[in-house]
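A quick write-up on the structure given underneath.
Numbering (the numbering used here), first residue to last: 712 to 803.
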(Lines of atoms letter the chains of each structure in order from A and count residues from 1; the text may use other names and numbers.)
(Lines give C-alpha, C1' and ligand atoms only; values in the text may rest on other atoms or scores of the structure.)
Protein backbone atom coordinates (compact mmCIF):
# COMPACT_ATOMS: atom_id res chain seq x y z
CA UNK A 1 0.00 0.00 0.00
CA UNK A 2 1.09 3.54 -0.62
CA UNK A 3 1.96 5.43 2.57
CA UNK A 4 -0.74 8.07 2.12
CA UNK A 5 -3.40 5.39 1.73
CA UNK A 6 -2.23 3.62 4.90
CA UNK A 7 -2.32 6.91 6.81
CA UNK A 8 -5.82 7.66 5.49
CA UNK A 9 -7.14 4.19 6.39
CA UNK A 10 -5.51 4.28 9.84
CA UNK A 11 -6.85 7.76 10.53
CA UNK A 12 -10.37 6.78 9.52
CA UNK A 13 -10.17 3.71 11.78
CA UNK A 14 -9.20 5.94 14.71
CA UNK A 15 -12.04 8.36 13.89
CA UNK A 16 -14.58 5.53 13.79
CA UNK A 17 -13.14 4.04 16.98
CA UNK A 18 -13.54 7.37 18.78
CA UNK A 19 -17.13 7.86 17.61
CA UNK A 20 -18.08 4.28 18.48
CA UNK A 21 -16.43 4.51 21.89
CA UNK A 22 -18.35 7.72 22.69
CA UNK A 23 -21.67 6.10 21.83
CA UNK A 24 -20.92 2.85 23.67
CA UNK A 25 -19.78 4.63 26.83
CA UNK A 26 -22.81 6.92 26.84
CA UNK A 27 -25.26 4.06 26.31
CA UNK A 28 -23.72 1.65 28.80
CA UNK A 29 -22.83 4.04 31.61
CA UNK A 30 -25.74 6.50 31.45
CA UNK A 31 -28.10 4.38 33.65
CA UNK A 32 -25.44 4.23 36.39
CA UNK A 33 -25.01 8.00 36.56
CA UNK A 34 -27.00 10.12 39.00
CA UNK A 35 -29.72 12.06 37.08
CA UNK A 36 -28.40 15.36 38.45
CA UNK A 37 -24.94 14.66 37.02
CA UNK A 38 -25.88 13.35 33.57
CA UNK A 39 -25.25 16.64 31.80
CA UNK A 40 -21.71 16.80 33.20
CA UNK A 41 -21.15 13.12 32.43
CA UNK A 42 -22.13 13.58 28.78
CA UNK A 43 -19.90 16.62 28.41
CA UNK A 44 -16.95 14.80 30.02
CA UNK A 45 -17.38 11.76 27.78
CA UNK A 46 -17.72 13.90 24.66
CA UNK A 47 -14.59 15.82 25.63
CA UNK A 48 -12.24 13.22 27.09
CA UNK A 49 -12.86 10.24 24.80
CA UNK A 50 -12.14 12.10 21.53
CA UNK A 51 -9.17 13.79 23.19
CA UNK A 52 -7.74 10.44 24.27
CA UNK A 53 -8.36 8.90 20.85
CA UNK A 54 -6.72 11.91 19.19
CA UNK A 55 -3.56 11.51 21.27
CA UNK A 56 -3.47 7.77 20.55
CA UNK A 57 -3.81 8.60 16.84
CA UNK A 58 -1.03 11.18 17.15
CA UNK A 59 1.25 8.59 18.76
CA UNK A 60 0.45 6.07 16.01
CA UNK A 61 1.00 8.71 13.31
CA UNK A 62 4.39 9.75 14.71
CA UNK A 63 5.52 6.13 15.07
CA UNK A 64 4.40 5.33 11.53
CA UNK A 65 6.21 8.34 10.09
CA UNK A 66 9.35 7.48 12.06
CA UNK A 67 9.39 4.02 10.46
CA UNK A 68 9.11 5.36 6.92
CA UNK A 69 12.70 6.63 6.97
CA UNK A 70 14.47 4.90 9.86
CA UNK A 71 17.85 6.00 11.11
CA UNK A 72 19.58 2.71 11.90
CA UNK A 73 22.57 4.36 13.54
CA UNK A 74 24.11 7.81 13.50
CA UNK A 75 26.58 8.47 10.71
CA UNK A 76 29.77 9.82 12.19
CA UNK A 77 32.28 11.75 10.17
CA UNK A 78 35.90 11.34 11.12
CA UNK A 79 38.39 14.07 10.35
CA UNK A 80 41.99 13.61 9.45
CA UNK A 81 44.75 15.21 11.46
CA UNK A 82 45.01 17.95 8.85
CA UNK A 83 42.53 20.68 9.67
CA UNK A 84 39.60 21.09 7.29
CA UNK A 85 40.05 17.81 5.35
CA UNK A 86 37.21 15.36 6.07
CA UNK A 87 38.01 11.66 6.01
CA UNK A 88 35.64 8.69 6.10
CA UNK A 89 38.09 6.45 7.96
CA UNK A 90 38.36 6.52 11.74
CA UNK A 91 41.36 8.26 13.20
CA UNK A 92 43.61 5.95 15.20
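Every residue, glycine too, gets a C-beta built ideally from N, C-alpha and C.
Keep in mind it's a predicted model, so treat the numbers as computed, not measured.
Assigned exposure category for residue i - 16 Cβ within 10 Å defines buried
| i | result |
| --- | --- |
| residue 717 | exposed |
| residue 720 | exposed |
| residue 738 | exposed |
Rounded separation between residue i and residue j - CA only
| i | j | result |
| --- | --- | --- |
| residue 773 | residue 782 | 14 Å |
| residue 752 | residue 722 | 27 Å |
| residue 804 | residue 758 | This structure leaves residue 804 out entirely; the chain is present only between 712 and 803. |
Beta-carbon contacts of residue i that lie in its chain and below 7 Å, excluding the five residues immediately before and after
| i | result |
| --- | --- |
| residue 756 | 733, 736, 737 |
Chain-order list of residues whose beta-carbon lies under 8 Å from that of residue i (same chain, five-residue window excluded)
| i | result |
| --- | --- |
| residue 728 | 764 |
Identity of the residue in the options nearest residue i by Cα
| i | options | result |
| --- | --- | --- |
| residue 760 | 713, 714, 723, 731 | 731 |
Neighbourhood of residue i by C-beta, 6 Å cutoff - its chain only, sequence neighbours within 5 removed
| i | result |
| --- | --- |
| residue 768 | 725 |
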